[in-house]
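Visitor: Take this structure, written in structure tokens, and hold onto it; I'll ask about it next.
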Amino acid sequence: MPVTDLRPLHDWSGPPGVLTLWCPSAASMESAKRAPVSPVLPSYEQEQHLHAFRACEQRHEAMARLLVVVWEEGGRCDLRALTHVVTAHVRRHDTYHSWFEERAGAIVRHVLEDPAGIQMEPLMLGDVNAADWQKHVMATPAPFAWDCFRFGILQRVSGFTCFASIDHLHGDATLIAFLMTEIRSAYRAVIDGEKPHHLGPPGSYLYYCTNQRRRAAATTLADHEVKRWIAFLQRNNGRMPAFALPLGLLEDRYHAEYVHVDILDDAVMDAFESACHASGARVIGGLLACAALTERELAGRSRYTVVTPTTTRRSPKAFRTTGWCVGVVPIDFDVQQRTFPELALTAQSNFDERLSLADVPIELVLELAAELPTVGSVATGGVMLSYMDVNVPPLSARIAREWHEANGRVYINQGIAAQVAIWLFRTQRGLSLTAAYPANETARASMHRYVAAFAGACRRAADALMPTYSDVGRER
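Numbering (our numbering), first residue to last: 15 to 490.
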């Protein structure tokens, strides 16, 4: 069964092929070096990412920073056509037109003056196996380099694997499938003379950054959303939420390990969604409820607390904008002895009521709260639970179908894991879970216990609306 969800990069094990990489031309690199400083500050997402990268670099640690989108195409790749397509893609999205440097402790942005002058060029590297391919992907330049993005193919007799490796600085999970569709559609239009899908013009990520900073400048401790963020942190002893189970010594945190599990197949996932709707919730509410039930079962916790990322895009044009547009929603609610339907409704209400807090970057909250003794100063760490459904807008059923037909999948490179990150992906194949955690025996045992219990909670919720599921399992 093809993989259609999130996996660590070292899991990729495709057959050997002839590798071609697309990188900016030497002339484009020279133009980038001459790009003037821009008054547009980095977004909070970009700034935090760049500071985190520099901290990892100083400690000689790896950083999980790459989004690697992979899909399959038939036939022999027309290198000239794909050169035109990836060049147009980089010119089209203005996040690629910036690069950053540190000056006196601050991060400043440079912006290329003439994006139409950017030219991507193919570099043919010959036959490679899976391990070689992974090394080339890992060599994607770091985020302080302008060209921290690569596109490429692995050509074989029967077809080719197409991929994009982009530093997180320039993208987020919302755009993964859309990026594939944009490049795929444009490539087919060039080689077949077909009319490309009308994707519409993208928005400007520079505008997003400007608008975010403008709103931040007007935000104070007196704002309602900031007060709610601070109250959330104070309920967690001034910190981000901690994982419910032991993770081992802090000295063991520097390397990430991953576990991947297919939680529910498509039919059972439909039953789970029906159970959520019957409770007055959506899938995100149901998944948060299952996580709360898991912590109650394994750790006896009577209150569930986590942060969950969500896009901060608010318009169709924004959803066509490549860039990092993500905030986090703080979640916490009492669990006690409540049932799944009760918890799903509570979790959904909690998520909906706090959704606006995602528009207030946690880094900004910590800046404003720097003088408060009850709030810590670090936004990293903690536990995150992320849910993404590629079947619903803004990705749409058509994009989800293309993603499925092209065996689309996304990989992340291995890095550090101070705490726990849990990604839940829903595709046409069902629901999968990928988790990153510190690579030590204590955290490994805890994470495997957690994943098994979480999967069980999801299946029990689905069973309530799909009574034959357990019977079928017993018959097998």
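Cβ atoms here follow ideal geometry from the backbone N, Cα and C, with glycine treated the same way.
Just so we're clear, the structure is a prediction, and the values are computed from it rather than from any experiment.
Given this structure, state the Cα-to-Cα distance separating Gly337 from Gln351, to the nearest angstrom.
Guide: 42 Å
Visitor: Give the list of continuous beta strand (DSSP E) stretches no shorter than 3 residues that lie fully inside the region 320-352.
Guide: 340-348
Visitor: Going by DSSP, name the residue or residues bridged to Tyr13.
Guide: The shown model of the chain, from 15 to 490, leaves out residue 13, and the question about it has no answer.
Visitor: Give the range of the beta strand (DSSP E) segment to which Thr175 is assigned.
Guide: Gly173 to Asp181
Visitor: Looking at the strands, I want to know which residues DSSP matches up with His274.
Guide: Thr448
Visitor: Which value, in whole angstroms, describes the spacing of the CA atoms of Ala532 and Ser199?
Guide: Residue 532 is absent from the structure shown; the chain starts at 15 and stops at 490.
Visitor: Roughly how far, in whole angstroms, is the beta-carbon of Leu399 from the beta-carbon of Ile436, given that I think they are within contact range, below 8 Å?
Guide: 5 Å
Visitor: Under a three-way DSSP split, which group does Val84 fall into?
Guide: strand
Visitor: According to DSSP, is Ile167 part of a helix, a strand, or is it coil?
Guide: strand
Visitor: Excluding five sequence neighbours on each side, which residues of the same chain lie with their C-beta closer than 7 Å to the C-beta of Phe67?
Guide: Met77, Arg79, Ala156 and Pro157
Visitor: Going by other Cβ atoms of all chains shown within 10 Å of its Cβ, with 16 needed for buried, is Val486 buried or exposed?
Guide: In this prediction, Val486 has a pLDDT of 37, which is less than 50 and means its spatial position is unreliable; nothing more can be read from the coordinates.
Visitor: Which residue wins for smallest C-alpha separation from Arg368, given the options Phe246, Val104 and Tyr425?
Guide: Phe246
Visitor: What do you get for Leu371, buried or exposed, if any count of 16 or more other CB atoms within 10 angstroms of its CB means buried?
Guide: buried
Visitor: Kindly say whether Gly314, judged by its beta-carbon, lies nearer than 8 Å to any beta-carbon of chain D.
Guide: The structure shown contains no chain D, having only a single protein chain.
Visitor: Nearest to Trp113 by alpha carbon, out of Ser45, Ala236, Ile426 and Met402?
Guide: Ser45
Visitor: Between Ala258 and Ala313, is the Cβ-Cβ spacing less than 8 Å?
Guide: yes
Visitor: Compute the distance between the beta-carbons of Ile167 and Cys91, then report whether it is under 8 Å.
Guide: Contact flag set, yes.
Visitor: With H, G and I counted as helix, E and B as strand and the rest as coil, what does DSSP make of Leu20?
Guide: strand
Visitor: For Glu127, does the count of other Cβ atoms within 10 angstroms reach 16, so buried, or fall short, so exposed?
Guide: Around the beta carbon of Glu127, a 10 Å sphere encloses fewer than 16 other beta carbons of the protein chains shown; the residue is thus reported as exposed.
Visitor: How is the beta strand (DSSP E) around Glu385 delimited, first residue to last?
Guide: First-last for Glu385: undefined, no H or E at that position.
Visitor: Can you grab the Cα-Cα spacing for the pair Gly31 / Trp160, in whole Å?
Guide: 28 Å
Visitor: Assign Asn251 to buried or exposed, taking buried as 16 or more other Cβ atoms, counted over all protein chains shown, within 10 Å of its Cβ.
Guide: exposed
Visitor: Can you grab the Cα-Cα spacing for the pair Tyr483 / Thr101, in whole Å?
Guide: For Tyr483, the pLDDT reaches just 43, beneath the cut-off of 50, and the residue's location in the model is therefore unreliable, although a value from the coordinates is still provided. Each residue's alpha carbon lies about 49 Å from the other.
Visitor: Between Gly444 and Asp280, is the Cβ-Cβ spacing less than 8 Å?
Guide: yes
Visitor: If Val349 sits next to Ala306, beta carbons under 8 Å apart, how far is it from one beta carbon to the other, in whole angstroms?
Guide: 5 Å
Visitor: Enumerated in chain order, which unbroken segments of the alpha helix (DSSP H) with a length of 4 residues or greater are wholly contained in the region 214-250?
Guide: Secondary structure remark: continuous alpha helix (DSSP H) runs of at least 4 residues inside the region 214-250, in chain order: 219-231 and 238-249.
Visitor: Once you ignore the five residues that flank Glu416 on each side, which residues in its own chain have a CB closer than 6 Å to its CB?
Guide: Thr195
Visitor: Compare the C-alpha of Val273 against each of Thr234, Ala145, Met283 and Leu438 and name the closest.
Guide: Leu438
Visitor: Here's the rule: buried if 16 or more other CB atoms are within 10 angstroms of the residue's CB, otherwise exposed. What is Thr234?
Guide: exposed
Visitor: How would you write the range of the alpha helix (DSSP H) that Pro38 sits in, first residue to last?
Guide: Careful: Pro38 lies outside any alpha helix (DSSP H), inside the beta strand (DSSP E) at Gly31 to Pro38.
Visitor: Considering only their Cβ atoms, is the gap separating Gly299 from Leu378 smaller than 8 Å?
Guide: No. Outside cutoff.
Visitor: To the nearest angstrom, report how far apart Asp276 and Met283 are at their CA atoms.
Guide: 11 Å
Visitor: Kindly give me the distance between the Cβ atoms of Tyr58 and Gln226, rounded to whole angstroms, as I take these residues to be in contact under 8 Å.
Guide: 7 Å
Visitor: What residue ranges within the region 35-82 form continuous alpha helix (DSSP H) runs of no fewer than 4 residues, ordered along the chain?
Guide: 40-47 and 58-72
Visitor: Within the same chain, show all residues whose beta-carbon is closer than 6 Å to that of Pro260, passing over the 5 residues directly before and after it, in chain order.
Guide: Thr456 and Ser460
Visitor: Between Gly390, Gln60 and Ile413, which lies nearest to Trp243 when the distance is taken from Cα to Cα?
Guide: Check the Cα spacing between Trp243 and each of Gly390, Gln60 and Ile413: the tightest is with Gly390.
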